[in-house]
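Participant: Heads up: the protein sequence lines correspond to chains A and B, in order.
All residue numbers in the first sequence are consecutive under my numbering, ending with 434.
All residue numbers in the second sequence are consecutive under my numbering, ending with 754.
My questions will all concern the structure given below.
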Amino acid sequence: MKDLSRRTFVQASTAAAILSSSSFFDWAKAWAQTAPWKPEAGAKINLMRWRRFVEAEDAAFMKMVAAFKAATGVEVTVVNESFDDIQPKASVVANTGQGLDMVWGLYSLPHLFPQKCLDQTDVADYLGKKYGGWAPAAEMYGKSGGKWIGIPVATTGGLMNYRISSMQKAGFKEFPKDTAGFLELVKALKKNNTPAGFALGHASGDANTWLHWALWSHGGQLVDKDDKVIINSPETAKALEFVKALYENFIPGTASWNDSSNNKIFVSGDLHLTSNGISVYVAAQKENKAVAEDMDHAYMPIGPVGKPTELHLAFPILTFNFTKAPNACKAFTAFMLEAENYNPWVEAAQGYLSHFLLAYDKNPVWTADPKRTPYRDVSKRTLTPGGLGSLGEKAAAAVADFIVVDMFANYATGREDVKGAIAVAERQAKRIYR
Amino acid sequence: MVDVAEKTPARRAPQMMEVSAWSQLKSNRNWLGWWFMLPALGILILFLAYPLGLGVWLSFTDTKIGRSGVFIGLENYEWLQGDSVFWLSVLNTLLYTIVASIVKFAAGLYLALLLDKHIPFKALIRAAVLIPFIVPTVLSAIAFWWIYDSQFSIISWSLKKMGLITQNIDFLGDPWNARWSTIFANIWRGVPFVAITLLAGLQTVSPSLYEAATLDGATPWQRFRHITYPLLTPIIAVVMTFSVLFTFTDFQLIWAMTRGGPVNATHLMATLSYQRGILGGQLGEGAAIATAMIPFLLGAIMISWFGLQRRKWQQGSDND
């Protein structure tokens with residue numbers, strides 16, 4: 001019941017922030033007067049974004065779009081596309097030079113065509129100065145060759161989701177902070193018939209994030225800083241053994257899981273530990289309150305390398321340099337990330353979106369419900385899908401082709417031995433990174 | 435005068451010739467057929483031949499999505515030759531196509547023979563048989579995805595309640611279970627097409643043939659073997675050609691249910707091509723995988739048309 005009242009409070013405050021339209025629009029107009037970027041006369045923006053997962057988040061986003069139009073007269077046309085379709089479509093637009101002005105995409109999108117992205121260093125500096133600076137990962141995602149080619153708007157984190165009672169019954173007072181303790185927990189959970197499960201199927205989000213964590217936490221890397229393939233290493237072999245030991249103690253069926261599998265099993269109460277965004281918790285609050293009250297979140301444990309090695313899903317926004325309205329696009333980017341817009345928007349997302357600008361740590365959404373707090377820090381803890389190597393087309397292709405995921409799945413399910421699993425991954429990676 | 439008289443016809447003659455050639459083209463019956471075919475030809479070239487040619491061309495380049503590539507010859511194919519995932523997808527596709535097609539044919543023929551009999555509510559039952567074929571593939575794939583779910587499977591649940599098993603069946607998590615499960619889903623979906631088309635074929639067989647055979651004392655099996663089957667052969671050839679083509683190029687069922695998993699055990703050539711070409715952005719390699727399907731498809735068409743149609747039923751000449 002406590003959670004419920006907190007949540008109701010947060011929702012109510014969000015709604016109030018969105019609904020107090022007139023003062024909000026007044027603010028937007030005042031902002032437009034003083035903003036460093038004056039939109040071109042008659043400017044129009046075509047923007048493509050990923051299709052929302054939390055309805056209230058989308059509503060808050062469209063509210064910003066409406067306010068921007070009221071304040072500046074610039075119409076922003078928003079097209080929604082699924083995760084899988086964003087990258088190919090954006091690439092075609094970048095190549096043909098028409099169709100869109102801005103794309104709000106995922107992972108390393110601006111790095112696929114850095115020479116087609118508008119330099120937004122002024123926007124990044126303006127926001128960084130005003131809002132306490134950027135998290136380190138923001139520079140990795142946003143900068144290329146000393147310039148900001150994209151503005152990292154938010155991250156959605158993949159962290160440990162666990163049932164408190166099951167963890168305690170397994171003999172742990174708090175969630176283990178290292179990989180060895182984590183393995184013990186997974187084994188004990190299996191013994192108690194309250195199993196853990198992590199996706200080993202072609203789950204673009206869940207499988208890629210936790211298996212890259214597993215690889216990196218043991219010191220394995222797909223490529224070095226010069227993009228040379230170095231997956232064939234004793235560290236990788238250790239990571240493989242680690243995941244196999246985990247897999248043998250998982251709930252059956254994880255090799256077939258997609259991104260939604262663990263959500264529905266966890267919410268139903270049959271799964272007691274998994275890695276996911278906050279969506280499991282959000283769904284459980286609606287559909288299975290007992291699970292929501294008994295669950296909590298934790299950072300991914302730290303492995304032998306001794307530091308966090310998490311991978312989360314970043315959402316950068318970019319403007320193409322062939323747009324007819326570069327100032328309008330810059331203004332909209334800055335407008336989105338102003339506190340008056342960003343705070344209610346992130347609250348509407350209920351923890352699904354985490355900020356890159358450090359001042360937003362203070363947003364009450366992270367503390368109103370302490371179970372959300374770990375997700376506050378994901379932008380500060382995330383690495384990039386490129387690992388040690390460059391962030392761009394090659395890293396994106398390696399992730400999309402499930403090279404790391406399949407390597408782990410091949411060994412864990414017994415289809416290949418350690419050498420075979422690594423050899424398959426190495427061969428594919430060498431082709432992509434040639 | 436003389437000059438004029440001499441020159442004029444000389445000047446006109448070639449003109450007349452041109453006009454007559456053009457008007458001949460316009461009015462000649464042989465050419466007329468050509469004119470009528472032109473729009474269809476244009477559509478075929480624009481929407482079939484050109485994309486096919488482009489796909490084959492892409493497979494010889496290193497094109498990525500959003501960036502044109504350069505000609506690299508057979509490099510994509512050489513790479514695929516050593517790629518164990520590609521060969522696994524070829525084997526999966528062959529297994530999927532062969533098993534599903536054979537079962538679809540047997541079940542479809544059996545169903546067609548049953549539906550050809552006089553049964554009550556015949557029209558209603560015939561319509562109902564078509565339902566799996568009418569439901570959009572993605573919907574039926576999602577239904578099967580739930581049926582095969584590792585935790586919530588209705589099959590596992592029922593068997594557990596009956597006390598026949600103690601643990602859920604891991605339908606899509608075990609490589610061979612996943613293969614048979616997806617094949618079953620494909621069969622479920624494809625049987626109505628085969629059954630209804632064969633039923634249509636059965637109805638064209640003249641009843642007098644059966645009457646004559648019955649009078650001659652033919653057993654039901656003999657009637658089927660010597661009347662129904664030979665007369666049904668042309669329809670079977672068409673149906674099975676289509677069935678094999680649809681099965682070989684299947685994408686939606688697999689993509690919605692397993693995305694090629696577990697560990698690529700259900701990756702078909704079509705799904706692998708999509709994963710590498712569109713999601714991975716390696717358009718050239720994806721095109722090479724898709725192009726590699728063409729020889730198999732041509733082979734399937736050849737077998738159907740030349741194998742099953744050697745009785746020259748179309749021309750009406752003697753059997754051979």
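Every residue, glycine too, gets a C-beta built ideally from N, C-alpha and C.
1. By the DSSP assignment, the alpha helix (DSSP H) with V563/B in it spans what residues?
2. Taking a cut of 7 Å between CB atoms, which residues from the region 682 to 700 of chain B lie near chain A?
3. Quick one: Cα of R49/A to Cα of Y411/A, how far?
4. Among Q515/B, V537/B, L706/B, V672/B, which has the Cα closest to the Cα of S738/B?
5. With burial defined as no fewer than 16 other Cβ atoms inside 10 Å of the residue's Cβ, what is the status of D122/A: buried or exposed?
6. Please compile the residues from chain A whose C-beta is within a distance smaller than 7 Å of the C-beta of R710/B.
7. Could you pull the start and end residues of the beta strand (DSSP E) that M295/A belongs to?
8. Mind listing which residues of the region 197 to 225 of chain A have their C-beta closer than 7 Å to chain B's C-betas, in chain order?
9. So, for W213/A: in the same chain, excluding its five sequence neighbours on each side, which residues have a beta-carbon less than 7 Å away from its beta-carbon?
10. How is V436/B classed by DSSP in three states: helix, strand or coil?
11. How many Å lie between M140/A and T384/A at the Cα?
12. Indicate whether at least one CB of chain A lies closer than 8 Å to the CB of L713/B.
13. For H355/A, name the three-state secondary structure that DSSP assigns.
14. Output needed in chain order: residues of the region 570 to 584 of chain B with a Cβ under 7 Å from some Cβ in chain A.
15. Looking only at its chain, what residues have a beta carbon closer than 6 Å to the beta carbon of M703/B, apart from the 5 residues adjacent to it on each side?
16. Exposed or buried, which one is S640/B when buried takes at least 16 other CB atoms within 10 Å?
17. The alpha helix (DSSP H) that contains N249/A, what's its start and end?
18. Cutting at 8 Å between CB atoms, please list the residues of its own chain near M435/B, excluding the five before and the five after it.
19. Measure how close the beta-carbons of A35/A and T155/A come, nearest whole angstrom, since I'm counting them as under 8 Å.
20. Starting from I151/A and walking both ways along the beta strand (DSSP E), at which residues does that stretch end?
21. Using the beta-carbon of each residue, which ones in chain A are nearer than 8 Å to W513/B?
22. Measure the C-alpha to C-alpha separation of F505/B and W491/B and round it to an integer number of angstroms.
23. I'd like the list of long-range same chain contacts for A290/A, defined as Cβ closer than 8 Å, with 5 residues on each side in sequence excluded.
24. Measuring alpha carbon to alpha carbon, tell me which residue in L112/A, N321/A, L353/A is nearest V54/A.
25. Using DSSP with H/G/I as helix, E/B as strand and the rest coil, what is P387/B?
26. Whose C-beta lies closer than 6 Å to the C-beta of I432/A among residues of the same chain, with five residues either side of it excluded?
27. By Cβ distance below 8 Å, which residues in the same chain neighbour G392/A in space, the five residues on each side in sequence not counted?
28. Alpha carbons only, please: which of K228/A, S260/A, W366/A, D361/A is nearest the one belonging to L388/A?
29. Using CA atoms only, rank isn't needed, just tell me which of F175/A, G150/A, T209/A, K324/A is closest to D296/A.
30. Can you find a C-beta in chain B that's less than 8 Å from the C-beta of T274/A?
31. Beta-carbon of G253/A versus every beta-carbon of chain B: anything under 8 Å?
32. Thinking just about the alpha-carbon of each residue, which of D650/B, L480/B, N620/B, I559/B is nearest to the one in I630/B?
33. Would you mind telling me which residues of chain A sit closer than 7 Å to S457/B, beta carbon to beta carbon, in chain order?
34. Should G635/B go down as buried or exposed, given a rule of 16 or more other Cβ atoms within 10 Å for buried?
35. In terms of alpha-carbon separation, which member of G105/A, F408/A, E426/A lies closest to V78/A?
36. Assuming P344/A is part of the alpha helix (DSSP H), what are its boundary residues?
Facilitator: Straight from the coordinates:
1. V563/B -> alpha helix (DSSP H) spans 556 to 563.
2. For the region 682 to 700 of chain B, residues whose beta-carbon sits nearer than 7 Å to a beta-carbon of chain A comprise T692, R693, G694, G695, P696, V697, N698.
3. Across the structure, R49/A and Y411/A are spaced so that their CA atoms are roughly 36 Å apart.
4. Its Cα nearest to that of S738/B, the residue V672/B stands out among Q515/B, V537/B, L706/B, V672/B.
5. Burial call: exposed.
6. Near R710/B (Cβ distances below 7 Å), the residues of chain A are D401.
7. Here the beta strand (DSSP E) through M295/A covers 295 to 298.
8. For the region 197 to 225 of chain A, which is checked against every Cβ of chain B, the residues closer than 7 Å are G201, H202.
9. Excluding positions up to five away in sequence, the list reads M300, T309, E310, L311.
10. Because the pLDDT at V436/B is just 46, under 50, the model does not fix this residue reliably, and the point stays unresolved.
11. Spanning the two alpha carbons is a distance of roughly 7 Å.
12. So, interface residue.
13. Note: H355/A maps to strand in three-state DSSP.
14. Residues S584.
15. The beta carbon of M703/B sits closer than 6 Å to those of S523, T527, I723, M727, all from its chain and outside the five residues before and after it, given in chain order.
16. Taking a 10 Å sphere around the C-beta of S640/B, we find fewer than 16 other C-beta atoms and assign the residue as exposed.
17. From DSSP, N249/A is part of no alpha helix (DSSP H); its letter is neither H nor E.
18. Note that M435/B has pLDDT 44, beneath the 50 cutoff, so the model's placement of it is unreliable and no number is given.
19. No, A35/A and T155/A are not in contact; Cβ-Cβ is about 26 Å, not under 8 Å.
20. For I151/A, the enclosing beta strand (DSSP E) begins and ends at 151 to 156.
21. Residues of chain A whose Cβ lies closer than 8 Å to the Cβ of W513/B are, in chain order, R431.
22. Roughly 9 Å between the two C-alpha positions.
23. Within the same chain, and ignoring the five residues on either side of A290/A in sequence, the residues whose Cβ sits closer than 8 Å to its Cβ are G269.
24. Among L112/A, N321/A, L353/A, the Cα nearest to that of V54/A is on L353/A.
25. Because residue 387/B is not part of the residues shown, which for chain B are 435 to 754, the question remains open.
26. Within the same chain, I432/A has close Cβ partners K394, A397, A398.
27. Residues of the same chain with a CB within less than 8 Å of the CB of G392/A, apart from the 5 flanking positions on each side, are S108, H111, L112, P114, G386 in chain order.
28. It is K228/A whose Cα lies nearest to the Cα of L388/A.
29. Per the C-alpha coordinates, the member of F175/A, G150/A, T209/A, K324/A positioned closest to D296/A is F175/A.
30. Chain B contact via Cβ: absent.
31. Answer yes: the Cβ-Cβ gap between G253/A and chain B drops below 8 Å somewhere.
32. Cα-wise, what sits closest to I630/B is I559/B.
33. Under the 7 Å cutoff, chain A gives no residues; its nearest Cβ is about 46 Å from S457/B.
34. Buried.
35. Minimum Cα distance to V78/A is reached at G105/A.
36. For P344/A, the uninterrupted alpha helix (DSSP H) segment begins and ends at 339 to 348.
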